[in-house]
Amino acid sequence: MDTLRHSEDEQADMLGWHVDSVVRCGLAGTVFFAWTDEWFTGGQEITDWAFGLVNRAREPKKAFFTLREKLGQNDAALPHRDLPQTPFVSVIVCSFNGAKTLAACLDSLGKLSYPNYEVLLVDDGSRDNTAEIAARYPQVRYIQQANHGLSHARNTGAASARGEVFAYTDSDCMVDSDWLFYLIGTLLSGAYAGVGGPNVSPPARNWIQACVAAAPGGPSHVLLTDVVAEHIPGCNMAWYRWAFETVGGFDVEYRKAGDDVDFCWRMQQAGHEIAFSPTAIVWHHRRFTLSAFRRQQEGYGEAESMLRFKHLIYFGPTGSAKWRGQIYGTPRFSWFINRPIIYHGIFGEGFFQSIYPTPQSEIAAYLSSIEWFALAVFLFGLGVFVPALRIVPYLMFGGALCVAMSYMLRARIEPRFDTIPARLLVAFLALAQPLVRGWSRYFTWLLFKRTPRAVIRAHEDPPAGSDYRGLLGERVYWSEEGKDRHPLLASIFTLLDAEGWRYSTDTGWKEWDVQIYGNFWWSIVLQTVTEYHGGAKCLTRARLRHRFVTTTIVANLIVLALLIYRQLNTTGLNLWLLVPYAIFLVFLVLRARRLKRRVAELIDVAADRAGLRRIARRTAHRKEAGRESAATVG
Numbered sequence: 007m008d009t010l011r012h013s014e015d016e017q018a019d020m021l022g023w024h025v026d027s028v029v030r031c032g033l034a035g036t037v038f039f040a041w042t043d044e045w046f047t048g049g050q051e052i053t054d055w056a057f058g059l060v061n062r063a064r065e066p067k068k069a070f071f072t073l074r075e076k077l078g079q080n081d082a083a084l085p086h087r088d089l090p091q092t093p094f095v096s097v098i099v100c101s102f103n104g105a106k107t108l109a110a111c112l113d114s115l116g117k118l119s120y121p122n123y124e125v126l127l128v129d130d131g132s133r134d135n136t137a138e139i140a141a142r143y144p145q146v147r148y149i150q151q152a153n154h155g156l157s158h159a160r161n162t163g164a165a166s167a168r169g170e171v172f173a174y175t176d177s178d179c180m181v182d183s184d185w186l187f188y189l190i191g192t193l194l195s196g197a198y199a200g201v202g203g204p205n206v207s208p209p210a211r212n213w214i215q216a217c218v219a220a221a222p223g224g225p226s227h228v229l230l231t232d233v234v235a236e237h238i239p240g241c242n243m244a245w246y247r248w249a250f251e252t253v254g255g256f257d258v259e260y261r262k263a264g265d266d267v268d269f270c271w272r273m274q275q276a277g278h279e280i281a282f283s284p285t286a287i288v289w290h291h292r293r294f295t296l297s298a299f300r301r302q303q304e305g306y307g308e309a310e311s312m313l314r315f316k317h318l319i320y321f322g323p324t325g326s327a328k329w330r331g332q333i334y335g336t337p338r339f340s341w342f343i344n345r346p347i348i349y350h351g352i353f354g355e356g357f358f359q360s361i362y363p364t365p366q367s368e369i370a371a372y373l374s375s376i377e378w379f380a381l382a383v384f385l386f387g388l389g390v391f392v393p394a395l396r397i398v399p400y401l402m403f404g405g406a407l408c409v410a411m412s413y414m415l416r417a418r419i420e421p422r423f424d425t426i427p428a429r430l431l432v433a434f435l436a437l438a439q440p441l442v443r444g445w446s447r448y449f450t451w452l453l454f455k456r457t458p459r460a461v462i463r464a465h466e467d468p469p470a471g472s473d474y475r476g477l478l479g480e481r482v483y484w485s486e487e488g489k490d491r492h493p494l495l496a497s498i499f500t501l502l503d504a505e506g507w508r509y510s511t512d513t514g515w516k517e518w519d520v521q522i523y524g525n526f527w528w529s530i531v532l533q534t535v536t537e538y539h540g541g542a543k544c545l546t547r548a549r550l551r552h553r554f555v556t557t558t559i560v561a562n563l564i565v566l567a568l569l570i571y572r573q574l575n576t577t578g579l580n581l582w583l584l585v586p587y588a589i590f591l592v593f594l595v596l597r598a599r600r601l602k603r604r605v606a607e608l609i610d611v612a613a614d615r616a617g618l619r620r621i622a623r624r625t626a627h628r629k630e631a632g633r634e635s636a637a638t639v640g
């Protein structure tokens, strides 16, 4: 600020809050325009500006003393500015066989600059020397439990915590000394329920770990804006206790991964906002071996499939998550197609010229997906019979290879490990990672999408004085106590959970209320509606419909393709080829009817427990006619 046009008090005040902002935001540093008012441009002295901290006679201005007070007498890091509040924070570390990195994690937590916190270590049934290492840190509250999975461990830590805020990290992490200072500072800066920050790979111990750190598929944050996140990784997150309790904690179904994604989505569905603090840094070790990296990606694929059951609206048809925000990481294929855009201004004279990154390429995602490779394999097999198609799978694989090569060229590998073998390994990992993750996602989806056979084979005990006869496609229920479809749906969910059915509920974008996954061939969708017949009289209809599943569609397409190919390469009409297919169709119909009958039984029992009485469709029609007659008379 120029002290010819402004007072020295204004300059001192402005530079004071500027330094405070730099510290609060965790910037690497700042630059002051001039030390003295005596300065030159092009050999000419500038006399009509006075930006310096001292005047031309080298006499300090008021800003000099303000900065000396704030910056201190040495070149050390800037001292912290006091936070408006320092709520008590419970730092919860979850570990399973994490002894290899646990000591470094606990050491870093003991050096935090935040004044008001505790540390809890939850041992999720480790079989290594985790307990022995924990005993060296008496200030850490050690909690041991049987191996129930990551989500259960996070909830165990929260149940034992005393803090107003729960901060989570993992045993393979080392936190920055100012981690909590910046997390809590950001959390207090707005109406946020939680906050997260970046996780950065520390220096690798070997060239394999360096390549894994540079490969795609690591945990990362997803940002909606510079300060609002859609997802924050579980190794670097903090939540208010009240927000944690509002959504019921972490879902224990997620044992390996996916718990943080589910938690963030549920938090946003409850109407809360998640903050992001770019300077609340956690150093997160990447996997040390290729086999560990493979297991990690398999776990991520499994978690994606499990998340799809619960949050269907967030996933595309292939099972990949659809994020609204920006995923931070190395963008694939940008080296070949879309380079960053630089704003130069008109005739290259724009001030503060900036680089604007282009969105991540969707083409790269398609070319490296498991669906792309599956199509290539299918066309390769088809090329045996159709020579014109033989070149296509090679071109498809070439496209996928270009994606991997693009990633290899842009990957950031630590200089001491940046060799040709390391670059080639990164290319291989970029090619294999989406395949491993996609295979695990599909395998888990098909496995978990099927209700156990014993559940389907079982039968419900019919309510007293009733049976299960009647049309399976529609069930009708009557109540004179004002009970509509909501008690029925609640009773259905209770029964489905108790018996072990697999199902998904309406997300607000579906035309059905519940989708019940049956066998490998069929699923059932349930729609309910209630008609109000005056007073407390309610007529509720439940409609059941079959739905093909992926295996049914694929099996039929394969059989039909073989039949068509056989017919094209023979003379005459071979009707006998249709006999096996007809038998297969009869099998599908019988399985569908059996599943629908079983679900209809369950709904009848659920309705009885909810206080609804099943009636025949003829009775329902008479009640409708009676209501219309009453309306006409009225």
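For the working numbering, add 6 to where a residue sits in the sequence shown, where the first one is 1.
Every residue gets a Cβ at the ideal spot worked out from N, C-alpha and C, and that includes glycine.
- Message: Could you tell me which whole alpha helix (DSSP H) segments of length 4 or greater appear in the region 489–538?
- Response: 491–505
- Query: From Pro586 to Val592, what does the alpha carbon distance come to, in whole angstroms?
  - Reply: By one-based count along the sequence shown, residue 586 stands at place 580. By one-based count along the sequence shown, residue 592 stands at place 586. When rounded, the distance between both Cα atoms is 10 Å.
- Query: Which one or two residues does DSSP pair with Thr175 in a beta bridge?
  - Reply: For the purposes of this step, residue 175 is identified with residue 169 of the sequence shown, where counting begins at 1. Beta-bridge pairing links Thr175 to Val99.
- Message: My assumption, with CB atoms under 8 Å, is that Gly203 sits in contact with Phe282. Please give the rounded CB distance.
- Response: Position 197 of the sequence shown holds residue 203. Position 276 of the sequence shown holds residue 282. About 7 Å separates the CB atoms of Gly203 and Phe282; that is less than 8 Å, so the two are in contact.
- Message: Considering Cα atoms alone, identify which of Val233, Glu251, Trp213, Leu115 is closest to Thr162.
- Response: The residue labelled residue 162 in the question sits at position 156 within the sequence shown. In terms of Cα proximity to Thr162, the closest of Val233, Glu251, Trp213, Leu115 is Glu251.
- Between the C-alpha atoms of Trp55 and Asn61, what's the straight-line distance to the nearest angstrom? On the sequence shown, position 49 is the one that residue 55 refers to. On the sequence shown, position 55 is the one that residue 61 refers to. Straight-line Cα distance between these residues: approximately 11 Å.
- Grab me the residues of Val611's own chain with a C-beta within less than 7 Å of its C-beta, minus the 5 sequence neighbours each way, in chain order. As a working note, residue 611 is residue 605 in the sequence shown. Excluding sequence neighbours, Val611 sits near Glu466, Pro469, Leu501.
- Task: Using DSSP bridges, identify the partner residues of Phe321.
- Result: Taking the first residue of the sequence shown as 1, we reach residue 321 at position 315. Phe321 is bridged to Ala327.
- Answer yes or no: do Val201 and Leu189 have a C-beta to C-beta separation smaller than 8 Å? Counting from one through the sequence shown, the residue named residue 201 turns up at place 195. Counting from one through the sequence shown, the residue named residue 189 turns up at place 183. For Val201 and Leu189, yes; Cβs fall inside 8 Å.
- Query: Near Gly617, which residues of its chain fall below 6 Å by C-beta distance, leaving aside the five closest residues on each side in sequence?
  - Reply: Working through the sequence shown from its first residue, we reach residue 617 at position 611. Within the same chain, Gly617 has close Cβ partners Lys489.
- Query: Name the DSSP beta bridge partners of Pro66, please?
  - Reply: Stepping through the sequence shown from its first residue, residue 66 is reached at position 60. Its beta-bridge partners are Val60.
- Report yes if the CB atom of Gln150 is closer than 8 Å to the CB atom of Asp129, and no otherwise. If you number the sequence shown from 1, residue 150 lands on position 144. If you number the sequence shown from 1, residue 129 lands on position 123. Yes, they are a contact pair.
- Where does Glu124 fall in DSSP's three states? Along the sequence shown, read from residue 1 onward, the residue named residue 124 stands at position 118. The answer is strand: DSSP assigns Glu124 an E or B state.
- Query: Are there 16 or more other CB atoms within 10 angstroms of the CB of Arg168, so buried, or fewer, so exposed?
  - Reply: Here residue 168 corresponds to residue number 162 of the sequence shown, with the count starting at 1. With fewer than 16 other Cβ atoms within 10 Å, it is exposed.
- Spell out whether any CB of chain B is found under 8 Å from the CB atom of Pro66. No chain B appears in the structure shown, which is made up of a single protein chain.
- Task: Would you identify the three-state DSSP class for Gln359, choosing helix, strand or coil?
- Result: Counting from one through the sequence shown, the residue named residue 359 turns up at place 353. Here Gln359 sits in coil by DSSP.
- Give the C-beta separation of Leu545 and Val482 to the nearest angstrom, bearing in mind that I take them to be a contact with Cβ-Cβ under 8 Å. Position 539 of the sequence shown holds residue 545. Position 476 of the sequence shown holds residue 482. About 7 Å separates the two Cβ atoms, so the contact holds.
- Grab me the residues of Thr42's own chain with a C-beta within less than 6 Å of its C-beta, minus the 5 sequence neighbours each way, in chain order. What you label residue 42 is simply residue 36 of the sequence shown in a count that begins at 1. Result list for Thr42: Gly58, Val60, in chain order.
- Query: Is the distance from the Cβ of Val605 to the Cβ of Leu550 below 8 Å?
  - Reply: Walking along the sequence shown from the start, residue 605 turns up at place 599. Walking along the sequence shown from the start, residue 550 turns up at place 544. For Val605 and Leu550, yes; Cβs fall inside 8 Å.
- Roughly how many whole angstroms lie between the Cα atoms of Phe339 and Tyr448? Within the sequence shown, residue 339 is the residue found at index 333, counting from 1. Within the sequence shown, residue 448 is the residue found at index 442, counting from 1. Annotation note: pLDDT 49 at Phe339 (below 50); position unreliable, coordinate value reported separately. One Cα belongs to Phe339, the other to Tyr448, and the distance between them is close to 25 Å.
- Give me the Cα-Cα distance between Glu138 and Ala109, rounded to the nearest whole angstrom. Residue mapping note: residue 138 aligns to position 132 of the sequence shown, counting from 1. Residue mapping note: residue 109 aligns to position 103 of the sequence shown, counting from 1. The alpha-carbon atoms of Glu138 and Ala109 are separated by roughly 10 Å.
- Return the bridge partner residues of Trp550 from the DSSP annotation. Residue 550 sits at position 544 when you count from the first residue of the sequence shown. Trp is not the amino acid found at residue 550; the sequence shown has Leu there. Note: Leu550 sits in a beta bridge opposite Leu532.
- Apart from the five residues just before and just after Ala637, which ones in its own chain have a Cβ nearer than 8 Å to its Cβ? Residue 637 sits at position 631 when you count from the first residue of the sequence shown. Low confidence applies here, because Ala637 scores a pLDDT of 44, under 50, leaving its location unreliable and the question unanswered by this model.
- What residue from Trp451, Phe590, Val25 has the CA that sits closest to Phe315's CA? Counting from 1 along the sequence shown, the entry for residue 315 is found at position 309. Per the C-alpha coordinates, the member of Trp451, Phe590, Val25 positioned closest to Phe315 is Trp451.
- Identify which residue in Val535, Trp527, Gly506 has its Cα closest to the Cα of Glu517. Within the sequence shown, numbered from 1, the residue matching residue 517 stands at position 511. Comparing Cα-Cα distances from Glu517 to each of Val535, Trp527, Gly506, the minimum goes to Val535.
- Message: Between Ala221, Glu368, Ser207, which has its C-alpha nearest Leu296's C-alpha?
- Response: Numbered from 1 along the sequence shown, position 290 holds the residue referred to as residue 296. For Leu296, the nearest C-alpha among the options comes from Ala221.
- Kindly indicate which three-state DSSP category Thr647 falls into: helix, strand or coil? Because the chain here runs from 7 to 640, residue 647 falls outside it and cannot be looked at.
- Three-state secondary structure assigned by DSSP to Trp378: Stepping through the sequence shown from its first residue, residue 378 is reached at position 372. Three-state result, Trp378: helix.
- Message: Considering only DSSP beta bridges, list what Ser485 is partnered with.
- Response: Translated into the one-based positions of the sequence shown, residue 485 becomes position 479. DSSP, once it has assigned bridges, lists Cys544 as partnering Ser485.
- Beta-carbon separation (whole angstroms), Trp213 vs Ala428, contact threshold 8 Å: Taking the sequence shown and counting its residues from 1, the one referred to as residue 213 is at position 207. Taking the sequence shown and counting its residues from 1, the one referred to as residue 428 is at position 422. Contact check for Trp213 and Ala428: beta-carbon distance about 5 Å, within the 8 Å limit, so the pair qualifies.
- Item | Gln151 - containing beta strand (DSSP E), residue span | Residue 151 sits at position 145 when you count from the first residue of the sequence shown. Here the beta strand (DSSP E) through Gln151 covers 146–151.
- Could you check where the alpha helix (DSSP H) with Trp45 kicks off and where it finishes? Position 39 of the sequence shown, counting from 1, holds the residue named residue 45. Not the alpha helix (DSSP H): Trp45 falls in the beta strand (DSSP E), residues 45–47.
- Message: Using the Cβ count rule (16 or more neighbours within 10 Å means buried), how would you classify Lys67?
- Response: Against the sequence shown, residue 67 aligns to sequence position 61. Per the 10 Å Cβ criterion, buried.
- Indicate the three-state DSSP secondary structure (helix, strand or coil) for Thr36 in the structure shown. Working through the sequence shown from its first residue, we reach residue 36 at position 30. Correct three-state label for Thr36: coil.
- Task: Could you tell me which residues DSSP puts in a beta bridge with His278?
- Result: Stepping through the sequence shown from its first residue, residue 278 is reached at position 272. His278 is not bridged to any residue.
- Cβ-based burial, Ile287 [other Cβ within 10 Å; buried from 16]: In the sequence shown, the residue the question calls residue 287 occupies position 281. Ile287 comes out buried.
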